[in-house]
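Quick notes on the structure that follows.
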Amino acid sequence: MAIGDDLTVIREIADILEGIGYVVDYRLLDAWRHGVPQHRKRFILQARRDGVDPMWPELNSERPTVRDAIADLPALHDSTGAREPSVFRRANQCSSEALAILGWIGRHSRSYDAPCARGRQTSI
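In the working numbering, the protein residues as written are 3 to 126.
Rendered as structure tokens:
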């Protein structure tokens with residue numbers, strides 16, 4: 003997220019809020035530092051009029067994984083999602099044809115999940 007020229011507008015908004023009695027603080031936060039398993043920068047402006055300074059959450063020093071983020075979700079059991087066949091498999095269980103495709107993808111692009119034949123799985 004680029005703030006650049008918008009910083010002038012942000013400062014004007016903050017000045018208006020401060021002029022009518024608010025305590026203002028703003029920051030550009032990266033979501034991974036707050037428990038989200040991806041980099042997402044977000045501009046946050048806090049304004050309080052109760053005399054208390056805005057508070058910010060503590061930063062995480064370790065990057066969370068997707069597993070960390072979804073580990074507490076309930077099991078699917080017999081729900082629709084659990085009955086769906088898995089299209090994406092691990093690399094060590096793919097057919098030789100699928101492994102050839104995975105090799106081509108690896109040489110020609112950044113990162114993909116590729117479908118594998120006969121329900122075999124592999125990790126790349």
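Don't be surprised by glycine CBs; every beta carbon is placed ideally from N, CA and C. The model shown is predicted, which means the values in this text are computed figures rather than measured ones.
Output needed for residue i: all residues of its chain with C-beta closer than 6 Å, excluding positions within five of it in sequence on either side, in chain order.
i      : result
Ala-49 : Leu-19, Tyr-24, Val-26
Ala-71 : Pro-39
Quick check on this structure: which residue in the options has the alpha carbon closest to the alpha carbon of residue i?
i      : options                        : result
Thr-67 : Met-57, Ala-33, Phe-45         : Ala-33
Leu-47 : Ile-22, Pro-59, Leu-30, Leu-61 : Leu-30
Asp-2  : Ile-22, Asp-17, Asp-74         : Here the chain has residues from 3 to 126 only, and residue 2 is not among them.
His-41 : Arg-65, His-79, Val-11         : Arg-65
Look at the Cβ atom of residue i, then the Cβ atom of residue j, and state whether they are nearer than 8 Å.
i      : j      : result
Gly-56 : His-36 : Checking the displayed sequence, the identity of residue 56 turns out to be Pro instead of Gly. For Pro-56 and His-36, no; Cβs fall outside 8 Å.
In chain order, what residues of the same chain lie with their CB nearer than 8 Å to the CB of residue i, ignoring the 5 residues before and after it?
i      : result
Ile-15 : Leu-47
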